[in-house]
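S.K.:
2 protein chains.
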Amino acid sequence: MTRIRLATPSDIPLMHSLVHALAEFEREPHSVEITEEQLLRDGFGAHPYYECLIAEEDGVPAGFALYFPIYSTWQGPSLHLEDLFVLPEFRGRGVGKALLNQVAAAAVKRGCARLQWDVLDWNQPAIDFYHSIGATMLGDWRRMRMTGDALKALGAASEVTA
Amino acid sequence: MTRIRLATPSDIPLMHSLVHALAEFEREPHSVEITEEQLLRDGFGAHPYYECLIAEEDGVPAGFALYFPIYSTWQGPSLHLEDLFVLPEFRGRGVGKALLNQVAAAAVKRGCARLQWDVLDWNQPAIDFYHSIGATMLGDWRRMRMTGDALKALGAASEVTA
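Chains as they are written, first to last, in the numbering used here: chain A, 504 to 665; chain B, 504 to 665.
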């Protein structure tokens with residue numbers, strides 16, 4: 504039986520291992536720099552950056568969903584689902600759907616007009632699943648990112664006049 | 504001369520008009536549902552959803568940038584730039600760059616490892632500009648979204664066991 508529950512600080516080692524397992528699946532196993540200490544500080548401090556749900560099958564951890572509030576200047580407060588992952592041995596039992604149901608319920612409860620997430624364009628099983636539950640793919644948007652020295656250089660060129 | 508300053512509640516009508524102008528540019532003029540009251544409540548209440556910078560050229564509003572904190576389970580706290588827009592008559596003067604400098608400075612100041620934003624795949628001038636300042640395009644991610652009745656139906660299927 505699938506049970507979905509909110510993560511607690513004692514789940515941090517589990518969450519850390521699930522984040523690594525998801526990165527392996529996404530073919531970027533070496534991109535995870537976050538530590539258990541950071542996950543604990545950022546998720547369970549005075550101003551949490553995220554919330555996390557743990558899925559269990561008969562008491563055994565089977566997957567997780569991690570999300571946080573964002574903002575749309577067209578529709579207002581929204582929710583972004585950053586990670587959704589089910590361990591391979593628990594797939595095909597509706598665990599991912601159960602997690603998504605719960606995240607959607609959280610979005611509705613907070614009055615969010617939108618729930619959004621990103622999917623890898625080669626992950627066709629996931630794309631088919633998302634379409635089957637009524638999600639829309641925004642095909643014409645691409646993500647840009649700046650990190651490290653490029654980000655610092657860009658910021659250093661600012662002249663604060665505020 | 505370009506001046507970048509933090510938006511204040513008195514900028515709400517200006518911000519609302521700039522949001523509409525950006526939606527026109529993005530070929531979705533009818534997608535803006537947000538009201539001035541919502542922008543005020545969400546940006547200037549006890550727990551603001553976003554921050555906004557206004558660019559002025561010789562005291563005349565020329566553009567804006569709107570951003571908020573997000574979270575990466577690989578790198579920790581990050582910043583998402585939701586809107587960046589310069590009015591047509593002020594383009595080509597470095598106003599967008601000045602806004603981006605300031606957003607990057609905010610990201611660095613908060614210890615963010617990443618600054619990210621989205622770009623329309625047909626907006627080649629913007630893509631070229633972003634590449635020129637050191638940003639990377641993540642070509643293999645696509646955005647999924649659920650809204651309205653589909654979102655409510657998904658949430659209604661949840662069984663809260665937390």
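Each residue gets a CB set at the ideal place from its N, CA and C atoms; glycine is no exception. A quick note: this is a predicted structure, and the numbers were derived from the prediction, not measured.
Between the Cα of A:E592 and those of A:A524, A:A659, A:I507, spot the shortest distance and give me the residue it belongs to.
M.R.: Indexing the first sequence from 1 puts residue 592 of chain A at position 89. Closest option to A:E592, Cα to Cα, is A:A524.
S.K.: Answer with yes or no whether the minimum CB distance from A:Q627 to chain B is below 8 Å.
M.R.: Counted from its first residue, the first sequence places residue 627 of chain A at position 124. Closer than 8 Å: no.
S.K.: Determine whether the beta carbon atoms of B:A601 and A:G658 lie at a separation below 8 Å.
M.R.: Taking the second sequence and counting its residues from 1, one reaches residue 601 of chain B at position 98. Taking the first sequence and counting its residues from 1, one reaches residue 658 of chain A at position 155. Cβ distance not < 8 Å, so B:A601 and A:G658 don't count as in contact.
S.K.: Residues of the segment 637-659 of chain A with a CB closer than 9 Å to any CB of chain B: list them in chain order, please.
M.R.: G637, A638, T639, M640, L641, G642, D643, W644, R645, R646, M647, R648, M649, T650, G651, D652, A653, L654, K655, A656, L657, G658, A659
S.K.: Answer yes or no: do A:L543 and A:Y553 have a C-beta to C-beta separation smaller than 8 Å?
M.R.: Locating residue 543 of chain A in the first sequence gives position 40, counting from the first residue. Locating residue 553 of chain A in the first sequence gives position 50, counting from the first residue. No.
S.K.: Buried or exposed: where does A:Q627 fall if 16 or more other Cβ atoms within 10 Å of its Cβ makes it buried?
M.R.: One-based indexing of the first sequence puts residue 627 of chain A at position 124. With fewer than 16 neighbouring CB atoms inside 10 Å of its own CB, A:Q627 falls in the exposed class.
S.K.: Among A:G562, A:D561, A:F547, which has the Cα closest to the Cα of A:C555?
M.R.: For the purposes of this step, residue 555 of chain A is taken as residue 52 along the first sequence, with counting starting at 1. If we check each option's Cα against that of A:C555, A:F547 comes out closest.
S.K.: How long is the line joining the alpha carbons of A:D561 and A:P532, rounded to whole angstroms?
M.R.: Taking the first residue of the first sequence as 1, we reach residue 561 of chain A at position 58. Taking the first residue of the first sequence as 1, we reach residue 532 of chain A at position 29. In a straight line, the C-alpha of A:D561 is about 29 Å away from that of A:P532.
S.K.: Determine, using beta carbons only, whether B:A568 comes closer than 8 Å to chain A.
M.R.: For the purposes of this step, residue 568 of chain B is taken as residue 65 along the second sequence, with counting starting at 1. For B:A568, the answer is no, since every Cβ of chain A falls outside 8 Å of its Cβ.
S.K.: Looking at the secondary structure, which residues open and close the beta strand (DSSP E) in which A:I557 lies?
M.R.: Position 54 of the first sequence, counted from the first residue, corresponds to residue 557 of chain A. Run containing A:I557: 554-560, per the beta strand (DSSP E) assignment.
S.K.: Under 8 Å Cβ-Cβ, which residues of chain A neighbour B:S661?
M.R.: For the purposes of this step, residue 661 of chain B is taken as the residue at position 158 of the second sequence. Ordered by position in chain A, the residues that pass the 8 Å Cβ test against B:S661 are I507, A601, N604, Q605, A607, A608.
S.K.: What did DSSP end up calling B:V535 once you bin it into helix, strand or coil?
M.R.: Position 32 of the second sequence, counted from the first residue, corresponds to residue 535 of chain B. Note: B:V535 maps to coil in three-state DSSP.
S.K.: Can you give the Cα-Cα distance for A:T538 and A:R648, rounded to whole angstroms?
M.R.: Looking up residue 538 of chain A in the first sequence gives position 35. Looking up residue 648 of chain A in the first sequence gives position 145. In a straight line, the C-alpha of A:T538 is about 22 Å away from that of A:R648.
S.K.: Taking Cβ-Cβ distances shorter than 7 Å, what residues in chain A pair up with B:G579?
M.R.: Position 76 of the second sequence, counted from the start, is the residue given in the question as residue 579 of chain B. Within chain A, the residues near B:G579 are I537, Q541, D545.
S.K.: Here's a check: name, in chain order, each residue in its chain whose Cβ is nearer than 6 Å to the Cβ of A:L517, leaving out the five neighbours to either side.
M.R.: For the purposes of this step, residue 517 of chain A is taken as the residue at position 14 of the first sequence. Same-chain partners within the cutoff: P564.
S.K.: If you measure from the beta carbon of A:L623 to each beta carbon in chain B, is any gap under 8 Å?
M.R.: Counting from one through the first sequence, the residue named residue 623 of chain A turns up at place 120. So, interface residue.
S.K.: Give a yes or no on whether the C-beta atoms belonging to B:A558 and B:T511 are separated by under 8 Å.
M.R.: Counting from one through the second sequence, the residue named residue 558 of chain B turns up at place 55. Counting from one through the second sequence, the residue named residue 511 of chain B turns up at place 8. Not a contact, by the Cβ cut-off of 8 Å.
S.K.: Helix, strand or coil for A:M640 per DSSP?
M.R.: Locating residue 640 of chain A in the first sequence gives position 137, counting from the first residue. The DSSP-derived three-state label of A:M640 is strand.
S.K.: Report the three-state DSSP secondary structure of A:D631 (helix, strand or coil).
M.R.: Here the question's residue 631 of chain A lines up with position 128 in the first sequence. Annotated three-state conformation of A:D631 is helix, per DSSP.
S.K.: Return no unless some Cβ of chain B is closer than 8 Å to the Cβ of A:A616.
M.R.: Locating residue 616 of chain A in the first sequence gives position 113, counting from the first residue. So, interface residue.
S.K.: Return the CA-CA distance between A:R644 and B:L521, expressed in angstroms with no decimal places.
M.R.: Against the first sequence, residue 644 of chain A aligns to sequence position 141. Against the second sequence, residue 521 of chain B aligns to sequence position 18. Reading off the sequence shown, one finds Trp at residue 644 of chain A, where the question assumed Arg. Answer to the nearest angstrom: the Cα atoms are 20 Å apart.
S.K.: Which whole runs of the beta strand (DSSP E) in the segment 573-608 of chain B are 3 residues long or more, in chain order?
M.R.: Listed in chain order, the complete beta strand (DSSP E) runs (minimum 3 residues) inside the segment 573-608 of chain B are 579-589.
S.K.: Taking 8 Å as the threshold (C-beta atoms), are B:L618 and B:L584 in contact?
M.R.: If you number the second sequence from 1, residue 584 of chain B lands on position 81. If you number the second sequence from 1, residue 618 of chain B lands on position 115. Yes, the pair counts as a contact, with Cβ atoms nearer than the cut-off.
S.K.: Looking only at DSSP bridge pairs, what is A:F571 linked to?
M.R.: Your numbering for residue 571 of chain A matches position 68 in the first sequence. According to DSSP, A:F571 bridges with A:H583.
S.K.: Considering only C-alpha positions, which residue in the set A:L509, A:L654, A:R613 is nearest to B:H634?
M.R.: By one-based count along the second sequence, residue 634 of chain B stands at place 131. Checking every option, the nearest Cα to that of B:H634 belongs to A:L654.
S.K.: Say whether chain A places a C-beta atom closer than 8 Å to the C-beta of B:S534.
M.R.: On the second sequence, position 31 is the one that residue 534 of chain B refers to. For B:S534, the answer is yes, since a Cβ of chain A falls inside 8 Å of its Cβ.
S.K.: Could you tell me whether any Cβ in chain A is nearer than 8 Å to the Cβ of B:E560?
M.R.: Taking the first residue of the second sequence as 1, we reach residue 560 of chain B at position 57. So no, B:E560 is outside the interface.
S.K.: Within this structure, are the beta carbons of B:F571 and B:F588 separated by less than 8 Å?
M.R.: Against the second sequence, residue 571 of chain B aligns to sequence position 68. Against the second sequence, residue 588 of chain B aligns to sequence position 85. The answer is no: Cβ separation not under 8 Å.
S.K.: At the level of alpha carbons, what is the spacing between A:G599 and A:W577?
M.R.: One-based indexing of the first sequence puts residue 599 of chain A at position 96. One-based indexing of the first sequence puts residue 577 of chain A at position 74. About 29 Å.
S.K.: With burial defined as no fewer than 16 other Cβ atoms inside 10 Å of the residue's Cβ, what is the status of A:P580: buried or exposed?
M.R.: Stepping through the first sequence from its first residue, residue 580 of chain A is reached at position 77. It is buried - the Cβ of A:P580 has at least 16 other Cβ atoms within 10 Å.
S.K.: Contact criterion: CB-CB distance below 8 Å. Does A:P572 meet it with respect to chain B?
M.R.: Indexing the first sequence from 1 puts residue 572 of chain A at position 69. Yes, its Cβ sits closer than 8 Å to a Cβ of chain B.
S.K.: Assuming B:I573 contacts A:I573 (C-beta within less than 8 Å), just tell me the rounded distance between them.
M.R.: To locate residue 573 of chain B, count along the second sequence from 1; it is residue 70. To locate residue 573 of chain A, count along the first sequence from 1; it is residue 70. Right, the Cβ-Cβ distance comes to about 7 Å (below 8 Å), so this counts as a contact.
S.K.: So, for A:A629: in the same chain, excluding its five sequence neighbours on each side, which residues have a beta-carbon less than 6 Å away from its beta-carbon?
M.R.: Against the first sequence, residue 629 of chain A aligns to sequence position 126. Closer than 6 Å at the Cβ level, and outside the excluded window around A:A629, lie V622.
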